[in-house]
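Let me begin by presenting the structure, written as structure tokens, before commenting on it.
Numbering (my numbering), first residue to last: 169 to 712.
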């Protein structure tokens, strides 16, 4: 009854948020398309990578599998489940291993974008108690969840349903924690990076939408694919209203009310997701339909669009830059080196660990060839090596270096809600660099195989190729780290500057709209040009 009553107001609120977002997206789409075409014409002057990049991703392989216990909410029982993590990093739960081998339908499929992995029931209860203020079980009452072992693994989401697992030992818990964390990391990174128009248009539209609501800085729920991110955007606004409307009406003891609240939140999230998917797909289709005409205009009028944009930028620069430079000098410059130092130590250690793990795996493989395998076993060893970057447990020693990342007082000063955005970004770079190193090694060894005479030749060749790949890795990882530091510094400082400058600059921007020719209004936005000027104010310090 509650959900039937909620359906109409939820749909109305969702429609309102998505309507505003879609307007932002269509504006940003034209700008992103212009930038993409301009980039294609003018080319990329950046450093060329030394390592090779796998063009066709590895598919049809299982990243991890094993047994764990899952709490089934319907009958309040714990059941043994066989869990498989395929190449797409979904969590797939089967009745047992036999059901998986017989290719029967799984019990549960989990996309873990936006989830957090918790390894303590107390941590979980703290989050549940804070999700519905004023509803806390009294001392001595049964909590919402009891775990039969001391080694729980709980997937918690601020809006969607929660998943409860446990294992028998601390060692198993650590392994599964690494596996779940890898799934979350991969699923969070759900917006395709090879999309040169849609991805930047989408992320800029999300940022512009939130800034219009005076929400600056990093956002923890920019997680998953576009529909998931937009559903999070809607729920961020909808949930406080729901809490006020529904919270007081919930009946029963505190744990029962908490359970009901989690179920309602999940059901509303699914409603929002369905509506969001339909509305976002429609705006995407509309943009795709208009793309050929827009692109034709850009290619025909490229020089005039650039001239018009530069004229607009010069006017905004004259007004904004003096204010921005003072703000940078007083509020940003003194802290850049501290931010950089906080980022550099864990990141550099993580990339050094990637190098060490790669070196050890190839060296061990070489030793196995010498001692037992020979040429006959090479294919089997190489198959294992090819999946190294996607092995959650072997990569964990690299990823956990980022756990040291602390921005201390800087986090409050620059309104950074959490460091998880930067941790996950660095970890994704680590995985990519590992896979590039492995793929380069595979390719170079494959080229040599026809020329080799026996086991000794093979071992010498592996050693020589390993040294070559490590040199390439050192060059590329340095480039990747510099790019990561630059992007992180911008992510931290630019929203802070925009917020500081908003009271004196934002209200004056409307008058610059008349400087844009109507024919070019799809490709030049005053707000974006203003942000580029602010970026220029801090870029010199960041590059240094």
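Think of the CB as a built atom: it goes at the ideal place given N, C-alpha and C, for glycine as much as any other residue.
Specify, as a first and last residue, the run of the alpha helix (DSSP H) that residue 474 falls within. Bounds of the alpha helix (DSSP H) holding residue 474 are 422-495.
Whose C-alpha, out of 540, 354, 383 and 394, is nearest the C-alpha of residue 371? Among 540, 354, 383 and 394, the Cα nearest to that of residue 371 is on 394.
Among 695, 615, 674 and 603, whose alpha-carbon lies nearest the alpha-carbon of residue 222? Among 695, 615, 674 and 603, the Cα nearest to that of residue 222 is on 603.
Closest to residue 389 by C-alpha separation, out of 295, 507 and 375, would be which residue? The residue with the shortest Cα to Cα distance from residue 389 is 375.
Residue 247 bridges to which residues according to DSSP? Answer is 238, bridged to residue 247.
Would the stretch 253-271 count as touching the stretch 218-232 if we require 3 or more Cβ pairs under 8 Å? The stretch 253-271 is in contact with the stretch 218-232.
Once the 5 residues before and after residue 324 are set aside, which same chain residues still bring their CB inside 7 Å of it? Listed in chain order, the non-local C-beta contacts of residue 324 below 7 Å within the same chain comprise 283, 284, 286, 292, 295 and 330, local neighbours out to five positions each way being set aside.
How many Å lie between residue 415 and residue 429 at the Cα? In this structure, the CA atom of residue 415 is about 8 Å from the CA atom of residue 429.
Within the continuous alpha helix (DSSP H) that includes residue 401, where are the two ends? In the DSSP assignment, residue 401 falls within the unbroken alpha helix (DSSP H) covering 394-415.
Hey, residue 665 and residue 706 are a contact pair by Cβ (cut 8 Å); roughly how many whole angstroms apart? Contact between residue 665 and residue 706 holds: CB atoms are separated by about 7 Å, below the 8 Å threshold.
Expected contact under 8 Å - CB spacing of residue 525 and residue 565 to nearest Å: Their Cβ separation, rounded to whole angstroms, is 7 Å, which keeps residue 525 and residue 565 in contact under 8 Å.
Could you tell me if residue 574 is buried or exposed, where buried requires 16 or more neighbouring beta carbons within 10 angstroms of its beta carbon? Exposed, by the Cβ-count rule.
Is the beta carbon of residue 262 closer than 9 Å to that of residue 247? Using a Cβ distance threshold of 9 Å, residue 247 and residue 262 do not count as a contacting pair.
Pick helix, strand or coil for residue 507, following the three-state DSSP scheme. When secondary structure is reduced to three states using DSSP, residue 507 falls in the helix class.
Grouping DSSP H, G and I as helix and E and B as strand, with all else coil, what is residue 710? In the three-state DSSP reduction, residue 710 falls in the helix class (H, G or I).
Extent of the continuous beta strand (DSSP E) run through residue 284: Looking at the DSSP string, the run of the beta strand (DSSP E) that includes residue 284 is 284-286.
Indicate the three-state DSSP secondary structure (helix, strand or coil) for residue 190 in the structure shown. Look at residue 190 here: in three-state DSSP terms it is helix.
Using a 10 Å radius around the Cβ and a threshold of 16 neighbouring Cβ atoms, would you call residue 509 buried or exposed? Residue 509 is exposed by the Cβ-count criterion.
Does DSSP put residue 384 in a helix, in a strand, or in coil? Residue 384: coil per DSSP, three-state reduction.
Cut-off 7 Å between Cβ atoms - residues of its own chain near residue 232, not counting five sequence neighbours on either side: Around residue 232: 253, 347 and 560.
Given this structure, state the Cα-to-Cα distance separating residue 612 from residue 218, to the nearest angstrom. Residue 612 and residue 218 have their alpha carbons spaced roughly 13 Å apart.
6 Å CB neighbourhood of residue 433 in its chain, flanking five on each side removed: For residue 433, the CB contacts under 6 Å within the same chain, skipping 5 residues up- and downstream, are 327 in chain order.
Based on DSSP bridge pairs, tell me the residues matched to residue 320. Within the DSSP secondary-structure output, residue 320 pairs in a beta bridge with 334.
Is residue 694 near residue 681, with beta carbons less than 9 Å apart? When the beta-carbon positions are compared, residue 694 and residue 681 come within less than 9 Å of each other.
Examine the Cβ distances between the stretch 513-533 and the stretch 576-583 and report whether three or more of them are shorter than 8 Å. By the Cβ rule, the stretch 513-533 does not count as touching the stretch 576-583, because fewer than three pairs are nearer than 8 Å.
For residue 202, count neighbouring C-beta atoms within 10 Å of its own C-beta (all shown protein chains included) and say buried if the count is 16 or more, exposed if not. Note on residue 202: 16 or more other CB atoms within 10 angstroms of its CB, so buried under the neighbour-count rule.
Quick check: the Cα distance between residue 238 and residue 431, rounded to an integer number of angstroms? Rounded to whole angstroms, the separation of the alpha carbons of residue 431 and residue 238 is 18 Å.
Do the CB positions of residue 626 and residue 543 come within less than 9 Å of each other? With a cutoff of 9 Å on beta-carbon distance, residue 626 and residue 543 are scored as near each other.
Candidates 588, 320, 494 and 356: which alpha carbon is nearest residue 340's? The option with the nearest alpha carbon to residue 340 is 320.
Should residue 172 be listed as close to the ligand HEM, given that the test is whether its C-beta is under 8 Å from any heavy atom? With respect to the ligand HEM, the structure shown offers nothing to examine, as it has no ligands at all.
Which of helix, strand or coil DSSP assigns to residue 299: Three-state DSSP puts residue 299 in a helix.
Report yes if the C-beta distance between residue 315 and residue 289 is below 9 Å; otherwise report no. Yes, they are a contact pair.
May I ask you to verify whether the stretch 480-497 touches the stretch 669-681, counting CB pairs closer than 8 Å and requiring at least 3? Enough Cβ pairs lie closer than 8 Å, so yes.
Going by the DSSP bridge assignment, what does residue 276 pair with across the sheet? Beta-bridge partners assigned by DSSP to residue 276: 261.
Specify whether the stretch 440-458 and the stretch 187-198 touch according to this definition: at least 3 beta carbon pairs, one from each stretch, less than 8 Å apart. Contact annotation: the stretch 440-458 touches the stretch 187-198, with at least three C-beta pairs closer than 8 Å.
Helix or strand or just coil, what does DSSP make of residue 692? Coil at residue 692, not helix or strand.
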